[in-house]
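Just below is one structure, and these are the notes that go with it.
There are 2 protein chains.
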Amino acid sequence: MQLVHTPSAMATLAQQWREQGKKIALVPTMGWFHEGHLALMRRARQEADQVVVSLFVNPMQFGPHEDLTAYPRDLQRDTELAAGVGVDVLYAPSVQEMYPAGFQTSVRVARLGKGLCGASRPGHFDGVCTVVMKLLHQSCPHLAIFGEKDFQQLAVIRRMALDLNLPVEIIAHPTVREDSGLALSSRNKYLRPDEMEQARCLYRAIVFAREKARAATCALPAKDLCREIQENIEQYEGCKVDFVAIVENDTLENCEAVNENSRLIMAVTINNKVRLIDNASLLSAELL
Amino acid sequence: MQLVHTPSAMATLAQQWREQGKKIALVPTMGWFHEGHLALMRRARQEADQVVVSLFVNPMQFGPHEDLTAYPRDLQRDTELAAGVGVDVLYAPSVQEMYPAGFQTSVRVARLGKGLCGASRPGHFDGVCTVVMKLLHQSCPHLAIFGEKDFQQLAVIRRMALDLNLPVEIIAHPTVREDSGLALSSRNKYLRPDEMEQARCLYRAIVFAREKARAATCALPAKDLCREIQENIEQYEGCKVDFVAIVENDTLENCEAVNENSRLIMAVTINNKVRLIDNASLLSAELL
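Heads up: the protein sequence lines correspond to chains G and W, in order.
First residue of the first sequence? That's 1 in this note's numbering, and the numbers climb one at a time after it.
First residue of the second sequence? That's 289 in this note's numbering, and the numbers climb one at a time after it.
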């Protein structure tokens with residue numbers, strides 16, 4: 001596996017592959033790999049000739065009081081893990097190379113990026129869109145793979161790709177969970193063992209909501225179910241809802257009543273310290 | 289010459305050319321071709337194997353009270369002119385194909401797009417950046433050619449390409465002028481013959497400013513020269529300055545004193561009706 005550190009080296013390599021007719025896949029990440037990331041990389045390995053994994057903790061998508069400096073980093077560990085699943089290039093550019101002096105351009109997806117996590121984290125999705133656009137132009141992939149755990153991010157990027165006619169296929173990969181149901185996330189590293197137990201409140205809320213939705217014999221008002229889910233979560237000490245929403249799968253607009261396209265999306269803060277997100281379809285056949 | 293009307297047909301064609309190793313040039317236009325456009329097309333013809341000229345009057349870059357509906361259009365005439373200089377594809381998509389229902393993404397170059405024309409036309413450069421990004425993704429060119437007449441547009445697009453790592457070379461082509469000195473523009477069509485004469489105030493102001501700058505024996509304060517230029521323009525009846533600025537060539541920031549990198553940029557309204565722009569380097573060897 002090759003380690004690449006500059007946008008120009010990455011672009012040169014991608015150009016060569018393109019000229020050789022190779023199919024390129026990109027998996028954008030912020031590192032501190034877990035089984036969720038590795039699943040995306042294995043998927044990329046199946047789909048393409050050349051697999052690029054980008055590793056960049058993107059300052060532009062962190063708010064001023066968020067965990068940019070605390071975010072876990074270990075290039076050595078990540079290099080071994082990526083090499084282990086057959087990645088061709090681990091692309092880890094520096095902040096200086098990605099945002100040199102004079103940088104001033106941004107990409108915004110207006111409505112999809114506004115609510116849910118966008119409301120709690122203003123500017124977050126502008127940062128995500130901008131860096132993803134840069135990474136796509138640098139590595140020229142035929143396809144890019146994103147995890148469904150960050151469901152709003154996936155929707156925003158799909159919309160950006162469609163609206164700006166990006167010649168890239170956006171592929172979604174299902175959330176990977178621990179046996180306990182907790183969705184894998186690099187931020188789980190912030191949790192002590194007892195907090196890992198608390199963090200299961202998100203998964204339990206999903207199971208609770210799906211049971212409620214499936215058991216309903218008539219149209220279930222989404223607002224009522226959201227309130228019940230919030231109560232379900234906040235019955236556990238230290239579990240505080242940031243938001244709970246039931247939205248249409250594609251537009252992320254609030255549902256009136258739970259339907260086949262309804263998705264539960266939520267963010268919960270554990271002990272006022274770690275903000276976790278999770279999501280699931282309520283009535284479709286999607287497996288958890 | 290082939291006429292292409294949909295983004296998907298354009299993308300398919302570009303993909304085929306790429307696979308055949310052809311070099312592609314894009315000349316983005318809003319149509320109503322004049323010698324300025326034709327010069328860009330001839331330049332593209334020299335530089336590339338396949339020349340695409342896009343023709344799209346982009347609603348997103350017009351303000352609510354601007355001349356979107358009045359903007360001159362004649363596809364038949366433009367088709368003949370483009371074919372005459374050896375263009376391969378005239379790409380004229382519809383507004384519905386470019387901005388389908390649900391469209392919500394935009395690209396912004398923050399500082400460069402804010403002053404000068406950006407101040408008189410809020411949102412204008414967001415519209416320009418967004419449509420250029422779309423056209424580049426649709427036609428996958430190796431290079432794209434822009435006229436220096438729209439100097440701020442050129443600077444904004446250069447910055448966008450750099451910041452977002454677009455794998456496209458941005459080429460600038462000098463302004464083409466009538467014998468009278470008037471810069472060619474599709475909007476000149478709005479001028480009656482006597483107004484064409486009035487419109488020469490922009491060129492006369494450039495000549496005046498260059499003479500002043502060249503004659504100065506010590507550092508010339510840009511502010512003072514701007515005031516003189518404005519007076520020079522407004523001595524002619526019906527000629528009203530929108531802005532006159534002397535800025536650094538790359539950053540478009542105001543110069544304190546006139547220097548080798550200074551550029552005069554201005555917008556003037558003729559008879560409260562037609563807004564014209566022009567620009568020139570003040571001290572470099574650049575020809576008018």
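Quick reminder that beta carbons are idealized off the backbone N, C-alpha and C, glycines included.
Judged by beta-carbon spacing, G:I246 lies within the 8 Å limit of G:C226, meaning their Cβ atoms are closer than that value. With respect to chain G, the C-beta atom of W:V416 has no partner C-beta closer than 8 Å. A direct Cα-Cα distance of roughly 29 Å separates W:E541 from W:G526. Under the three-pair Cβ rule at 8 Å, the stretch 453 to 462 of chain W counts as touching the stretch 132 to 139 of chain G. Under DSSP, G:I157 forms no beta bridge with any residue. Contact check for G:G84 against G:V176 fails: the beta carbons are separated by 8 Å or more.
Pairing G:V128 with G:A285, the inter-Cα distance amounts to about 30 Å. In the structure shown, the three-state DSSP call for G:R45 is helix.
Here the C-alpha atom of W:F496 lies approximately 8 Å from the C-alpha atom of W:I517. Think of a sphere of 7 Å around the beta carbon of G:L164: the chain W residues whose beta carbon falls inside it are T393, M421, K422 and H425, in chain order. Within a 10 Å sphere around the beta-carbon of G:T251 sit fewer than 16 other beta-carbons, which makes this residue exposed. When DSSP states are grouped into helix, strand and coil, G:R111 belongs to the coil group. A direct Cα-to-Cα measurement between G:S94 and G:P7 gives close to 9 Å.
In the assembly as shown, W:N346 is a buried residue. Its beta-carbon has 16 or more other beta-carbons within 10 Å. Scanning the stretch 179 to 213 of chain G for uninterrupted alpha helix (DSSP H) segments of 4 residues or longer gives 193 to 198, listed from N- to C-terminal end.
Between G:L112 and chain W, the shortest Cβ-Cβ separation is below 8 Å.
Three or more Cβ pairs closer than 8 Å define a contact, and the stretch 274 to 288 of chain G falls short of that threshold against the stretch 327 to 343 of chain W. 8 Å or more divides the Cβ of G:I270 from the Cβ of G:L264. The DSSP-derived three-state label of G:C117 is helix.
With a contact defined as Cβ atoms closer than 8 Å, G:S186 and G:H34 qualify at about 7 Å. About 4 Å separates the beta carbons of G:I24 and G:P141, which is inside the 8 Å limit, making them a contact pair.
Against chain G, the CB of W:V397 has a partner CB under 8 Å away; the residue lies at that interface.
Chain order gives no chain W residues near G:C117, where near means a beta carbon separation below 7 Å; the closest approach is about 17 Å.
The three-state reading of DSSP puts G:E256 in coil, since its state is none of H, G, I, E or B. Residues of the stretch 444 to 475 of chain W with a C-beta atom less than 7 Å from some C-beta of chain G are R447, M448, D451, L452, N453, L454 and P455, listed in chain order. W:L479 counts as buried, since at least 16 other C-beta atoms from the protein chains shown sit within 10 angstroms of its C-beta. In this structure, DSSP gives G:F103 a state outside helix and strand, which the three-state scheme calls coil. By the Cβ test, the stretch 9 to 19 of chain G is not in contact with the stretch 95 to 107 of chain G, since fewer than three Cβ pairs between them sit closer than 8 Å. Chain-ordered, the chain W residues with CB closer than 9 Å to the CB of G:A11 read N453 and P455. In the three-state reduction of the DSSP assignment, G:E169 falls in the strand class. In this structure, DSSP gives G:E248 an extended state, which the three-state scheme calls strand. A distance of 8 Å or more separates the beta carbons of W:V395 and W:M289. Contact of G:P7 with chain W by beta-carbon distance below 9 Å involves N453. DSSP, read as helix, strand or coil, puts G:Q230 in helix. By alpha-carbon distance to W:N560, the top candidate from W:E544, W:M554, W:K528 and W:S550 is W:K528. When 8 Å is used as the limit between beta carbons, W:C428 is near these residues of chain G: P167, in chain order.
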